[in-house]
Amino acid sequence: MNTKEKKYFQKLGAKIKQLREEKGIDQKSFAFDCEIGRTQLYMIENGKTNPRLLTLMKIADGLEISVSELLMN
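Take the sequence shown: its position 72, counted from the start at 1, is 72 in full-length UniProt numbering, and no numbers get skipped.
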């Protein structure tokens, strides 16, 4: 992962975490509701992984937003 990609994934992860926290949902419950692993969610929220489209769709659904809204800066 190059520096530009790393910054993008960190920004995306921070957005997911912020939106999740605004809804008052803890990480473990949110991961369960989205049918993804808690460790996977942790890695995404901390910009340490490149999430698959299906995973982003599950997260967006859990946040009750569209994938395009999730990916907007």
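Where is the CB? At the ideal position from N, CA and C, for every residue including glycine. Remember, it's a predicted structure, so these values are computed and weren't measured experimentally.
- Excluding residues up to 5 positions away in sequence, Leu19 lie with their Cβ nearer than 8 Å to the Cβ of Ile65 in the same chain.
- Asp26 sits away from Gly62, with the two beta carbons spaced by 8 Å or more.
- The continuous stretches of alpha helix (DSSP H) do not include Glu64, and DSSP gives it neither H nor E.
- With a minimum length of 4 residues, the unbroken runs of alpha helix (DSSP H) contained wholly in the UniProt domain "HTH cro/C1-type" (16–70) fall at 27–34, 38–45 and 53–63.
- In its chain, beyond the 5 residues on either side, Met1, Glu5 and Phe9 have a beta carbon closer than 8 Å to the beta carbon of Asn50.
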